[in-house]
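Just so we're aligned: 198 in our numbering is position 180 of the sequence shown, and the numbers increase by one with no gaps anywhere.
For each residue, glycine too, the CB sits at the ideal point set by N, CA and C.
All remarks here apply to the structure that follows.
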Amino acid sequence: MTKKLLRWRLLTFHRAPQDGSDTDSYCYHEDAGLLICDGIIKDSGPFDSILAKAPDVSVTDHRPYLMMAGFIDTHIHFPQVQVIASWGSQLLDWLNNYTFPEETRFACESHSERMAQAFFDQLIAHGTTSAVAYCSVHKTSADAFFSEATRRNMRMLGGKVLMDRDAPAELRDTPQEGYDETKALISEWHGKGRNGYVISPRFAITSTPEQMQMAMALANEHPDCHIQTHLSENKDEIAFTKALYPQAQDYLDVYQSYGLLRNNTLLGHAIHLEPREIDALADTGAHPVFCPTSNFFLGSGLFNHHKLNARGILNGIATDVGAGTSYSMLQTLNEGYKVLQLQGQSLHPLQAFDWATRGNAQVLGLEDKIGTLAVGTEADVVILNSSATSAMALRMERAESLAEELFVLQIMGDDRAIEEVYLSGVAQKVG
Ligand code: GUN
Ligand code: ZN
């Protein structure tokens, strides 16, 4: 049995903070111990009391840094690591001009493997310990993704996209191929180690009704697999979708009528929603995912977080690289704060950090495994330095509370603020 005791300032959330004064929603220790055995958190609390219970264990001291559960990214595209920062267009042109040509390269096994290594390096460097990823249409890309996740022992979710129209021929499967390859990938990877498979019809525009039917069959045959797709990101996309599915009441109804909405469904963007769509989200328990840097970058629109929350809908938050402009969940929270500001809504730093950790784990139904530093959960941990740059250090001279420190990290932080990352209790080389 491998045992280690980590010492630092510890912050973990039990539930979503109602506001900045909701001190019962989290646990914070100035001098904490976290005891890890075989990758699982066995104990935590004031350092001296943990040490007294495990006196022989080796101690790693990370003070004065701040430790919390690793970040969780609930929507990211693995084949887009070389698409990020592509100039000048909104969603449909951006897909056709940059993204689809790039994704054709993932038919090649060695390219997929090289990009998988680069992708996971970026996640870890930015403090992200779990993510939900779209792979390309090629089975090779999903194999490379899961092989690399397995090698690094990361809890990762992902799936090959299903897309059989409105894309270059090299990026199209057929309904039968998409079904067969998804089945093969599920049997190879789902539930193996820390991997989870996500059934991934890319979006309504790139799937025929026949393929949606196959996606429904996959969803019914695998209720424990997550489902992911895109919803109402861009007005031209919505108009095109309605033209392709004229019988649907609205965009969401395309997915709903094929039985794709349930409480382990993730719907990227969900910006321009009609009242019926909001009702359907609330009824089915499906989760919108807010992608602020992407929504700014593509000029897509403003995600109405509070309106959805008020209906009891649980939203995820995510980078959406490569339309998203940073792998950093800190930068994602920064831009998320601004999107909400533009709508007169607030995002307190306690709520922000809960969202990127425990909140996203709850959205994924994985709160018993990741997202907190609770005893019995997997030891995926990030160590944050709130004075990582000289500008941050200057600002920190005037910070007087934990909330102020968190806000400095949220607004000014990025990969430079990540001091260390542990995956299943194993320290990674960061930077
Ligand atoms: N809609 C369908 N595919 C994509 C994608 O790759 N990125 C974004 N932002 N939206 C999409
Ligand atoms: Zn996306």
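Helix, strand or coil at residue 416 according to DSSP, with G and I counted as helix:
Along the sequence shown, read from residue 1 onward, the residue named residue 416 stands at position 398. In this structure, residue 416 counts as coil in the three-state DSSP scheme.
Nearest to residue 312 by CA position, among 252, 216, 172 and 162, is which residue?
Translated into the one-based positions of the sequence shown, residue 312 becomes position 294. That would be 252, whose Cα lies nearest to the Cα of residue 312.
When the Cα atoms are used, what is the spatial distance from residue 194 to residue 229?
Working through the sequence shown from its first residue, we reach residue 194 at position 176. Working through the sequence shown from its first residue, we reach residue 229 at position 211. Distance between the alpha carbons of residue 194 and residue 229 is about 8 Å.
Is residue 96 closer than 8 Å to residue 196 when the C-beta atoms are compared?
Translated into positions along the sequence shown, residue 196 becomes position 178. Translated into positions along the sequence shown, residue 96 becomes position 78. Cβ distance not < 8 Å, so residue 196 and residue 96 don't count as in contact.
Hey, would you say residue 88 sits closer than 8 Å to residue 398, going by beta carbons?
Within the sequence shown, numbered from 1, the residue matching residue 88 stands at position 70. Within the sequence shown, numbered from 1, the residue matching residue 398 stands at position 380. Going by C-beta atoms, residue 88 is nearer than 8 Å to residue 398.
Which of helix, strand or coil does DSSP assign to residue 116?
Residue numbering aside, residue 116 sits at position 98 when the sequence shown is read from its first letter. Residue state, collapsed to three classes: helix.
State the Cα-Cα distance for the pair residue 178 and residue 428, rounded to the nearest angstrom.
The sequence position of residue 178 within the sequence shown is 160, counting from 1. The sequence position of residue 428 within the sequence shown is 410, counting from 1. Distance between the alpha carbons of residue 178 and residue 428: 32 Å.
Between which two residues does the alpha helix (DSSP H) carrying residue 505 extend?
No answer is possible for residue 505: it lies beyond the span of the chain, which begins at 19 and ends at 449.
From what residue to what residue does the alpha helix (DSSP H) around residue 349 run?
Along the sequence shown, read from residue 1 onward, the residue named residue 349 stands at position 331. Segment 347 to 359, the alpha helix (DSSP H) holding residue 349.
Please work out which residues of its chain come closer than 8 Å, Cβ to Cβ, to residue 67, disregarding the five sequence neighbours upstream and downstream, and give them in chain order.
Here residue 67 refers to the residue found at position 49 when the sequence shown is read from its first residue. 51, listed in sequence order.
Where does residue 512 sit, in a helix, a strand or coil, going by DSSP?
Here the chain comprises residues numbered 19 to 449, so residue 512 is not present and cannot be evaluated.
Where are the alpha helix (DSSP H) runs, 4 residues long or more, that stay fully inside the region 199 to 272, in chain order?
227 to 239 and 253 to 262
When the distance is taken between beta carbons, is residue 300 closer than 8 Å to residue 335?
Your numbering for residue 335 matches position 317 in the sequence shown. Your numbering for residue 300 matches position 282 in the sequence shown. It is not a contact, given that the beta carbons lie outside the stated cut-off.
For a test of your reading of the model: does the CB of residue 341 fall under 7 Å from any non-hydrogen atom of ligand 1? Yes or no.
Walking along the sequence shown from the start, residue 341 turns up at place 323. Residue 341 Cβ: within cutoff of ligand 1.
Which residue marks the beginning of the alpha helix (DSSP H) containing residue 297, and which one marks its end?
Numbered from its first residue, the sequence shown carries residue 297 at position 279. From DSSP, the alpha helix (DSSP H) with residue 297 extends over 293 to 302.
List, from N- to C-terminal side, the alpha helix (DSSP H) runs of 4 residues or more that fit wholly inside the region 139 to 206.
157 to 170
Using C-beta distances below 6 Å, list every residue in its chain close to residue 220, excluding the 5 sequence neighbours before and after it, in chain order.
Looking up residue 220 in the sequence shown gives position 202. Correct list, in chain order: 179 and 181.
Can you tell me whether residue 212 sits near ligand 1, meaning its C-beta is under 7 Å from at least one heavy atom of the ligand?
Translated into the one-based positions of the sequence shown, residue 212 becomes position 194. The answer is no for residue 212.
Identify which residue in 33, 54, 56 and 121 has its Cα closest to the Cα of residue 99.
Locating residue 99 in the sequence shown gives position 81, where the first residue counts as 1. If we check each option's Cα against that of residue 99, 121 comes out closest.
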